[in-house]
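Enquirer:
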Amino acid sequence: MLTKLLSRPLALAPAPKPVVPAAPLVKPAPIQNTAVRAFQGTSGFESARPTKPLLPPPPPLDLGKLLNPRRAAVEEALETGNTVPFTNTDGKTEQVSVTQLPPGFAGGGDDVYVVTVGDDRFTVRVEAGADVDAEAALAQVIDSYSETPEDLRGSLERVVIAKDADPDGAAARAGDGTITFYNGGSYVTDDIFHHEIGHLIGRQVENANDGILSGIFEKLAGEPPPIPDGWAEAAAADGNHLNDYTEDSFNDSGVYTEDFAEAWSEYMRALDGGPEALAEFERTYPERSEILEDIYPPPA
1457 MLTKLLSRPL ALAPAPKPVV PAAPLVKPAP IQNTAVRAFQ GTSGFESARP TKPLLPPPPP
1517 LDLGKLLNPR RAAVEEALET GNTVPFTNTD GKTEQVSVTQ LPPGFAGGGD DVYVVTVGDD
1577 RFTVRVEAGA DVDAEAALAQ VIDSYSETPE DLRGSLERVV IAKDADPDGA AARAGDGTIT
1637 FYNGGSYVTD DIFHHEIGHL IGRQVENAND GILSGIFEKL AGEPPPIPDG WAEAAAADGN
1697 HLNDYTEDSF NDSGVYTEDF AEAWSEYMRA LDGGPEALAE FERTYPERSE ILEDIYPPPA
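Letter by letter, the sequence shown follows residues 1457 to 1756 of the numbering used here.
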């Protein structure tokens, strides 16, 4: 039995076929013809570099700050208590601080702010119940004030935003270092501010023109109108009025108080308007212009 098993030939398994490694897949080069690529539905432009990982989206833009950066500066000054840069509509940047005094400081629930522009300081009092956006009013006052020549800023000590209308219908009044805007914040504008501070500047310049004798005379007889020396003669020589308002005021009072304040406001507007606007102002009011440009020479 064992012999039979040993004598049986063993069947040999076929030799395995050699394994040939598969050829690596080669990605065809992109077709450079943009027309063909467009026909195939592929992009005509290749990515220059790998795509960057996605970053968190940026915070949403504060459109209010973009549209009114001056108000934004006031809000920042109030919120932080810091001195902040304030760029006015002329493009001039001043260092500004705005501090609200503790409630009840002025009595009656009025809000009082201490405003510093450069080296000068004044207060703004908003009467209780006044229909006014305080931050917007502060921004406008600071903007106009910062356009005022630095050596004339000391003429302003206080700004009051009154709740009610003026009994005589005035938009604002000025005197004794104070500008009062009536009817809430509706009259806090650039032109009206410059008109009213024109009254204060007129008084400051008139006082600076006083000599010893004139000072004594004024104490006895009262102060003259708040206009510079020679203004009445200059207005008469120009032979015109700035508008119906100044003409009516002169006809009623016989003095050029409103004429100077309005001329100051119009002069500031002409400076904002550029060389052509200033030249037109000088042609229309040549004698007045000489006095105004002596007080505040136009930028070179």
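Virtual Cβ for every residue (Gly too), placed ideally from N, Cα, C. Because the structure is a prediction, the values reported are computed rather than measured.
I want to know whether the stretch 1701-1711 touches the stretch 1632-1649 - three or more CB-CB distances under 8 angstroms.
Expert: Counting Cβ pairs under 8 angstroms, fewer than three are found: no touch.
Enquirer: Looking only at C-alpha atoms, which of F1542, A1688, S1602 sits nearest to G1610?
Expert: The residue with the shortest Cα to Cα distance from G1610 is S1602.
Enquirer: Which residues does DSSP pair with G1631 in a beta bridge?
Expert: G1631 is bridged to T1634.
Enquirer: How would you write the range of the alpha helix (DSSP H) that F1706 sits in, first residue to last?
Expert: Taken as a continuous stretch (DSSP letters only), the alpha helix (DSSP H) holding F1706 covers 1700-1709.
Enquirer: For T1572, which option in D1587, E1613, F1649, A1592 has the closest C-alpha, if you only look at C-alpha atoms?
Expert: The shortest C-alpha separation from T1572 is found at E1613.
Enquirer: Thinking just about the alpha-carbon of each residue, which of G1537, T1539, L1698, V1588 is nearest to the one in T1740?
Expert: Of the listed residues, the one whose Cα sits closest to T1740 is L1698.
Enquirer: Rounded to whole angstroms, what is the Cα-Cα separation between F1578 and G1547?
Expert: Roughly 22 angstroms separates the two Cα atoms.
Enquirer: Any idea what DSSP makes of P1605, helix, strand or coil?
Expert: Reduced to three states, the DSSP call for P1605 is coil.
Enquirer: From which residue to which residue does the beta strand (DSSP E) around I1617 run?
Expert: Element bounds for I1617: 1614-1617.
Enquirer: What span of residues does the alpha helix (DSSP H) with F1649 cover, start to end?
Expert: Its alpha helix (DSSP H) spans residues 1646-1665.
Enquirer: Starting from the Cα of D1632, find the closest Cα among H1650, V1644, I1657 and give me that residue.
Expert: When each option's Cα is compared against that of D1632, the closest is I1657.
Enquirer: Taking the alpha carbon of D1694 as the point to measure from, which residue in S1721, P1558, D1715, M1724 has its own alpha carbon closest?
Expert: D1694 has its Cα closest to that of D1715, out of S1721, P1558, D1715, M1724.
Enquirer: Spatial neighbours of E1532 within its chain, please: CB distance less than 8 angstroms, with the 5 preceding and 5 following residues excluded, ordered by chain position.
Expert: Hits under 8 angstroms: N1538, V1540.
Enquirer: Beta-carbon within less than 6 angstroms of V1570's beta-carbon, same chain only, minus the 5 sequence neighbours each way: which residues are those?
Expert: Here the set comprises T1555, T1579.
Enquirer: Looking only at DSSP bridge pairs, what is P1680 linked to?
Expert: Answer is none; P1680 lacks a bridge partner.
Enquirer: Considering only the beta carbon of each residue, do D1647 and N1665 sit closer than 8 angstroms?
Expert: No.
Enquirer: Thinking C-beta only, is I1598 closer than 8 angstroms to V1568?
Expert: No, the pair does not count as a contact, with Cβ atoms beyond the cut-off.
Enquirer: Out of A1590, L1557, V1616, A1692, which has the shortest C-alpha to C-alpha gap to E1743?
Expert: Nearest C-alpha to E1743: A1692.
Enquirer: In three-state terms, what does DSSP make of R1464?
Expert: Low confidence applies here, because R1464 scores a pLDDT of 38, under 50, leaving its location unreliable; read the following figure in that light. If DSSP states are grouped into helix, strand and coil, R1464 belongs with coil.
Enquirer: Quick one: Cα of T1545 to Cα of E1718, how far?
Expert: Going by the C-alpha atoms only, they are around 20 angstroms apart.
Enquirer: Report buried or exposed for A1584, applying the criterion of at least 16 other Cβ atoms within 10 angstroms of its Cβ.
Expert: It counts as exposed.
Enquirer: Give me the residue from D1607, T1634, V1616 with the minimum Cα distance to A1593.
Expert: The shortest Cα separation from A1593 among D1607, T1634, V1616 belongs to V1616.
Enquirer: Going by the DSSP bridge assignment, what does F1542 pair with across the sheet?
Expert: Beta-bridge pairing links F1542 to E1550.
Enquirer: Note down the Cα distance separating A1756 from P1558, rounded to an integer number of angstroms.
Expert: Answer to the nearest angstrom: the Cα atoms are 44 angstroms apart.
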